[in-house]
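Before any comments, here is the structure.
Chains as they are written, first to last, in UniProt numbering: chain A, 1 to 397; chain B, 1 to 397.
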């Protein structure tokens with residue numbers, strides 16, 4: 001497998017572009033992904049019971065059909081907008097279908113931004129009609145889906161599968177209300193691999209558990225989260241069957257793309273200065289390991305300690321203790337970077353100068369060995385900073 | 001029932017005092033409550049699996065005996081301190097028993113402060129030996145249990161029960177790692193009521209669910225939480241039996257003392273500028289109502305919105321949606337103060353000037369009507385501020 005420079009339009013037969021329609025003041029706010037032929041599609045959605053209108057429309061759309069296009073706006077989430085919001089979401093789908101000359105049943109839609117505001121449909125319509133796939137600017141799509149993100153998030157990988165070069169690309173946005181089980185997070189993955197819709201959905205659901213659902217910025221699960229995958233088969237590989245070498249290669253690509261995007265989102269959490277990676281080993285089950293890891297990176301006290309660059313293992317073991325998994329409080333080993341802080345729950349002497357350097361880095365890894373089993377899991381978060389308060393307290397509805 | 005000025009030593013036969021032993025630099029850090037006669041006692045403890053040594057010792061002590069004294073230190077939590085920590089906790093119990101001339105089986109102990117540090121036993125011993133119950137200064141006990149709290153927290157109430165004046169007093173400390181299911185929170189309640197240990201424990205357990213366990217500062221459950229109640233019977237009321245008028249009066253006193261202390265802790269959360277009270281009505285069950293209320297006051301996005309004094313109902317409804325209780329996302333009514341923001345999940349026009357004034361107050365109340373049932377529940381939290389980051393990022397182990 002190879003990581004290459006590229007965009008969401010790198011896989012064969014995909015096009016993407018974006019523009020400024022006018023939902024936001026200056027920045028791009030409307031984008032489209034298009035596939036030459038209808039693609040097999042899979043998706044996971046927010047677990048929040050309050051779901052935005054576009055989630056309902058895309059969920060319904062994906063029930064039976066293949067997808068040929070995805071249209072996304074930022075600036076307005078179209079959440080808590082009632083019947084009019086649902087009508088507007090359907091209208092957005094219809095407008096995009098008409099402009100792209102595809103069936104509306106093959107168009108997925110997504111929105112992100114302010115909750116409780118109706119989509120300005122005249123702006124949306126005028127924007128959609130200006131989309132020009134003859135002169136696509138794929139990076140403009142990456143930009144158009146952002147809200148308070150400070151940078152675009154993308155990764156492209158290639159792999160030979162059964163003699164054919166398969167390409168997979170992913171693009172995502174964060175950056176607040178991030179504690180997915182799907183929230184204000186949008187991620188789109190395109191591939192030219194030939195794979196069935198069923199297998200694609202299975203892999204997406206499974207990998208979401210260990211990647212996108214293992215990041216947290218502020219513990220809030222949004223109303224608009226979605227990860228959407230399109231596979232158009234234009235790489236012309238023999239269709240990928242489960243438990244084959246081709247399958248393993250495809251899953252590895254999917255894992256890398258999902259995990260990379262998830263980490264990019266965590267790292268660019270609102271106000272964050274660093275990525276925190278927690279790895280829990282020696283657990284009874286992988287589920288419990290992931291649970292503990294997510295509690296560690298989700299703790300406000302751990303997050304502020306990391307901002308203050310303090311190796312505060314007391315706050316970490318406290319989070320381990322309330323995570324709700326099986327643990328033996330007397331048996332916990334802990335490391336920050338490669339320096340051990342606890343052995344059998346007892347403090348160890350460590351090199352303070354070296355620790356200082358470890359904590360200054362852009363990525364800090366915390367490892368916890370529960371010493372009661374053989375399973376492991378990871379989670380990713382970010383530090384909690386003055387800037388987070390500024391971004392979220394100064395933001396006014 | 002009457003609220004009166006007083007201290008934890010106001011009920012008949014109780015004495016309390018505190019002093020600076022030397023665990024902290026300048027502030028008082030060691031305190032004692034003493035009852036003339038052994039008192040019936042009840043307690044609830046942290047649900048964190050990593051429990052501090054004093055929790056283990058007090059839990060064991062309370063199994064069979066009455067309590068005559070409680071000794072508390074701040075500065076060092078005696079958590080994650082292994083065998084030596086447990087020995088030190090027992091030693092602290094023995095030293096206090098010897099100095100106060102009571103059986104060690106009647107002495108409860110509690111600690112709060114830094115995790116992972118051993119108690120300096122010479123300092124503890126010297127401090128205990130200086131405790132002078134001939135010249136007690138009860139407010140010094142209130143001060144001695146504080147950590148990053150900005151003020152002492154106490155309430156005293158009196159009530160005639162079966163012809164006798166019964167007094168109940170409570171004192172507590174917060175103020176970070178607060179998301180009880182018992183955490184860095186300590187609360188002590190004394191009363192001269194005559195009531196059995198069993199009934200006392202029942203009332204404590206029940207009332208903790210709707211008071212202390214319904215507050216959150218940062219979502220972290222500490223290793224040291226404890227609420228301890230002593231009832232010495234010196235009011236000489238006939239023993240309180242369940243489901244009598246006397247019982248109802250006692251429970252009402254207990255509810256007021258517990259809820260008042262809980263709200264004081266939430267309001268004095270680290271860096272907080274205001275108390276946020278969430279009331280959820282129209283729920284299927286009181287448990288679900290409390291769950292939703294606690295998610296609302298626990299949301300970092302709601303907390304920062306309150307700091308920014310922004311009526312951001314989108315963040316509130318988002319928290320309602322991921323709370324995990326039964327809801328109908330289309331049916332939610334919402335108020336801040338007495339102004340309605342949502343009706344059947346649709347935004348309402350409100351008076352912006354009046355809302356501004358409501359949000360500037362020291363207490364902001366959020367009411368959510370789920371409109372699917374008849375049950376209700378409350379929770380209390382505080383805003384999330386620059387100061388919280390400062391307190392927790394600058395604090396170094």
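Built from N, CA and C at the ideal position, the CB exists for glycine as well.
- In the DSSP assignment, residue 389 of chain A falls within the alpha helix (DSSP H) that extends over 386-394.
- Secondary structure note for residue 82 of chain B: its alpha helix (DSSP H) is the uninterrupted segment 82-100.
- Under the 8 angstroms criterion on CB atoms, residue 346 of chain B is classed as interfacial with respect to chain A.
- Judged by DSSP in its simplified three-state form, residue 154 of chain B adopts strand.
- A distance below 6 angstroms between beta-carbons, with the five flanking residues on each side excluded, links residue 387 of chain A to the following residues of its chain, in chain order: 271.
- For chain B, the residues of the stretch 301-331 of chain A that bring a beta carbon within less than 8 angstroms of one of its beta carbons are 301, 304, 305, 307, 308, 310, 311, 312, 313, 314, 315, 317, 318, 319, 320, 321, 322, 327, 329, 330, in chain order.
- Assignment of residue 242 of chain A by DSSP, reduced to helix, strand and coil, places it in the coil class.
- With a threshold of 8 angstroms between beta carbons, residue 114 of chain B makes contact with chain A.
- In the DSSP annotation of this structure, residue 329 of chain B is not part of any alpha helix (DSSP H), being labelled neither H nor E.
- Residue pairing for residue 161 of chain A: DSSP places it in a beta bridge opposite A:164.
- Contacts with chain A at 8 angstroms (Cβ-Cβ) do not include residue 373 of chain B.
- For the stretch 82-100 of chain A, the set of positions with a beta-carbon nearer than 7 angstroms to some beta-carbon of chain B reads 82 in chain order.
- Between the alpha carbons of residue 297 of chain A and residue 1 of chain B lies a distance of about 46 angstroms.
- For the stretch 315-381 of chain A, the full-length alpha helix (DSSP H) segments reaching 4 residues or more read 352-360 along the chain.
- Neighbours of residue 80 of chain B in chain A, taken as residues at a C-beta separation under 7 angstroms, are given in chain order as 314, 317, 345.
- Only exposed fits residue 198 of chain A, as fewer than 16 other CB atoms lie within 10 angstroms of its CB.
- Beta bridge pairing from DSSP links residue 107 of chain B with B:69.
- Residue contact with chain B for residue 392 of chain A: present (Cβ-Cβ distance below 8 angstroms to some residue of chain B).
- Residue 333 of chain B sits close to residue 340 of chain B, with the two beta carbons spaced by under 8 angstroms.
- The shortest C-alpha to C-alpha distance from residue 226 of chain B to any of B:145, B:156, B:232 is the one to B:145.
- For the pair residue 248 of chain A and residue 215 of chain A, the Cα-to-Cα distance works out to about 24 angstroms.
- Residue environment for residue 122 of chain A: exposed (fewer than 16 other C-beta atoms within 10 angstroms of its C-beta).
- Counting only residues of its own chain and dropping the five nearest sequence neighbours on each side, residue 329 of chain B has a CB closer than 7 angstroms to the CB of 321, 345.
- Within chain B, the residues 389 have their CB atoms less than 7 angstroms from the CB of residue 385 of chain A, given in chain order.
- For residue 40 of chain A, the enclosing beta strand (DSSP E) covers residues 30-45.
- The C-beta distance from residue 278 of chain B to residue 366 of chain B rounds to 5 angstroms, short enough to fall under 8 angstroms.
- Between the alpha carbons of residue 314 of chain B and residue 62 of chain B lies a distance of about 47 angstroms.
- A straight line joining the alpha-carbon of residue 231 of chain B with that of residue 191 of chain B spans about 5 angstroms.
- With its beta carbon at least 8 angstroms from every one in chain B, residue 148 of chain A lies outside the interface.
- Interface annotation, residue 73 of chain A: not in contact with chain B, CB-CB separation never under 8 angstroms.
- Rounded to the nearest angstrom, the Cβ distance from residue 139 of chain B to residue 157 of chain B is 18 angstroms, too far for a contact under 8 angstroms.
- Interface with chain A (8 angstroms Cβ-Cβ cutoff): residue 48 of chain B is included.
- Within the stretch 33-66 of chain A, those residues whose Cβ lies closer than 8 angstroms to any Cβ of chain B are, in chain order, 47, 48, 49, 50, 51.
- Each residue's CA atom was taken as its position, placing residue 383 of chain B and residue 6 of chain A some 43 angstroms apart.
- With a threshold of 8 angstroms between beta carbons, residue 223 of chain A makes contact with chain B.
- In the structure shown, residue 204 of chain A falls within a helical segment according to DSSP collapsed to helix, strand and coil.
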